[in-house]
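Peer 1: Mind looking over this structure? Questions follow.
Pasting the structure below:
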């Protein structure tokens, strides 16, 4: 894309205003199998149950699964927005508690492979969104890919989900290292998932801190932990969020607590806190 075109798009976006700042949270992990998408879904539903207007974007552009996990059947997805066939509002499907779900599709190109025209289409789609949103949760793909890096760099908050497995810890560290060393990110929130006690969750967090303090210039904040809970599996079988299917389960109670913490995170009050600026940052990150 030419420099002139890129500057014109950025200038156009800066002229737009959102009704209020939006908290943009990227949920990511160093590897698959740590329950990242479950975390995204249940925090989103919990926030919605607490009165927030919440949108969840399935940013796993190669292997979409939020719609499947919630039993939704979208007619269109993000690929149709990127191609210009549909607007963002036209592809949104209503999830539990009124959560707005932006579905992705399996086999879609990664962010790094989108053409300049497709980049422009995605930026334009988000900038034209007229819905009032308090929180946008971006559920990234697992692992370290160009699209994951792009989404995490564009978000205001980055939540790294880990479980007590050596590969989860080492892969999460590798992701944090990349984002810190190559892209200058310095603060991350760590969520310990599928733990057997609150103490195990804290110990897992301190394992991460011990390594990052030694080798990286980063600050890790302990977001909290979610216990291993058989009701999570049962909720998945029902294609429901555990906070809805089994609201009194240990996992559901943990997600509600995490959502309350999330609601207290500071929201940028300057222009950078508006939704179109998230997409502008996303756009520039992929140049």
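In my numbering, the protein residues as written are 10 to 296. Yeah, the Cβ is synthetic: ideal placement off N, Cα and C, and Gly gets one too.
Residue 41: which of 29, 81 and 151 sits nearest, CA to CA?
Peer 2: Per the Cα distances, 151.
Peer 1: Return the bridge partner residues of residue 166 from the DSSP annotation.
Peer 2: Its beta-bridge partners are 34.
Peer 1: Using only alpha-carbon positions, find the residue among 148, 170, 179 and 50 that is nearest to residue 164.
Peer 2: Comparing Cα-Cα distances from residue 164 to each of 148, 170, 179 and 50, the minimum goes to 148.
Peer 1: For residue 205, count neighbouring Cβ atoms within 10 angstroms of its own Cβ and tell me buried if that reaches 16, exposed if not.
Peer 2: Counting Cβ neighbours within 10 Å, residue 205 comes out exposed, since fewer than 16 surround it.
Peer 1: Residue 44: which of 237, 266 and 112 sits nearest, CA to CA?
Peer 2: Checked all of 237, 266 and 112; the closest Cα to residue 44 is 237.
Peer 1: Using DSSP with H/G/I as helix, E/B as strand and the rest coil, what is residue 148?
Peer 2: In the structure shown, residue 148 sits in a strand (DSSP, three-state: E or B).
Peer 1: Just the C-alpha distance for residue 175 and residue 155, rounded to the nearest angstrom, thanks.
Peer 2: Cα to Cα, the separation comes out at about 24 Å.
Peer 1: CB residue 268 to CB residue 235, shorter than 8 Å?
Peer 2: Against a cut-off of 8 Å, the Cβ pair of residue 235 and residue 268 comes out as no contact.
Peer 1: Alpha carbon to alpha carbon, how far is residue 20 from residue 64?
Peer 2: Per-residue confidence for residue 20 stands at a pLDDT of 42, beneath the threshold of 50, marking its modelled position as unreliable; no derived number is given.
Peer 1: What's the gap between the Cα of residue 97 and the Cα of residue 84?
Peer 2: The straight-line gap from Cα to Cα measures roughly 13 Å.
Peer 1: Three Cβ pairs or more, each shorter than 8 Å: is that satisfied between the stretch 222-235 and the stretch 188-205?
Peer 2: Yes, since at least three Cβ pairs between the stretch 222-235 and the stretch 188-205 fall closer than 8 Å, the two stretches touch.
Peer 1: Note down the Cα distance separating residue 93 from residue 277, rounded to an integer number of angstroms.
Peer 2: The alpha-carbon atoms of residue 93 and residue 277 are separated by roughly 30 Å.
Peer 1: If I follow the unbroken beta strand (DSSP E) through residue 56, where does it start and stop?
Peer 2: Where residue 56 is concerned, there is no enclosing beta strand (DSSP E), although the alpha helix (DSSP H) it sits in stretches over 45-58.
Peer 1: Taking only the alpha-carbon atoms, compute the straight-line gap between residue 160 and residue 257 and give it to the nearest angstrom.
Peer 2: Taking the straight line joining both Cα atoms gives about 33 Å.
Peer 1: If we ignore side chains and look at the alpha-carbon of each, how far apart do residue 200 and residue 90 end up?
Peer 2: About 32 Å.
Peer 1: Just the C-alpha distance for residue 245 and residue 79, rounded to the nearest angstrom, thanks.
Peer 2: Between residue 245 and residue 79, the C-alpha separation is close to 8 Å.
Peer 1: If I follow the unbroken beta strand (DSSP E) through residue 2, where does it start and stop?
Peer 2: Within the shown structure, residues of the chain are numbered from 10 to 296, placing residue 2 beyond reach of any answer.
Peer 1: Classify residue 49 as buried or exposed, calling it buried when 16 or more other Cβ atoms lie within 10 Å of its own Cβ.
Peer 2: That one is buried.
Peer 1: By how many angstroms is the C-alpha of residue 230 removed from the C-alpha of residue 36?
Peer 2: The alpha-carbon atoms of residue 36 and residue 230 are separated by roughly 14 Å.
Peer 1: Alpha carbon to alpha carbon, what distance is there between residue 179 and residue 135?
Peer 2: Computed Cα separation, rounded: 35 Å.
Peer 1: What does residue 207 pair with, by DSSP beta-bridge criteria?
Peer 2: Answer by DSSP bridge pairing: none, since residue 207 is not bridged.
Peer 1: For residue 56, does the count of other Cβ atoms within 10 angstroms reach 16, so buried, or fall short, so exposed?
Peer 2: Label assigned to residue 56: buried.
Peer 1: Given this structure, state the Cα-to-Cα distance separating residue 208 from residue 171, to the nearest angstrom.
Peer 2: Roughly 15 Å separates the two Cα atoms.
Peer 1: Return the bridge partner residues of residue 103 from the DSSP annotation.
Peer 2: Note: residue 103 sits in a beta bridge opposite 109.
Peer 1: For residue 125, does the three-state DSSP call read helix, strand or coil?
Peer 2: In this structure, residue 125 counts as helix in the three-state DSSP scheme.
Peer 1: With a CB to CB cut of under 8 Å and the five nearest residues on each side skipped, what residues in its chain are close to residue 61?
Peer 2: If we look at residue 61 and ignore the five residues flanking it on each side, its Cβ neighbours are 143, 144 and 272.
Peer 1: Fully enclosed by the stretch 234-267, which alpha helix (DSSP H) runs are 4 residues long or longer?
Peer 2: Those alpha helix (DSSP H) runs which fall completely within the stretch 234-267 and span 4+ residues are 239-246 and 251-254.
Peer 1: If the criterion is Cβ atoms closer than 8 Å, does the pair residue 73 and residue 114 meet it?
Peer 2: Taking 8 Å as the Cβ cut-off, residue 73 and residue 114 qualify as a contacting pair.
Peer 1: I'd like the list of long-range same chain contacts for residue 196, defined as Cβ closer than 6 Å, with 5 residues on each side in sequence excluded.
Peer 2: If we look at residue 196 and ignore the five residues flanking it on each side, its Cβ neighbours are 228.
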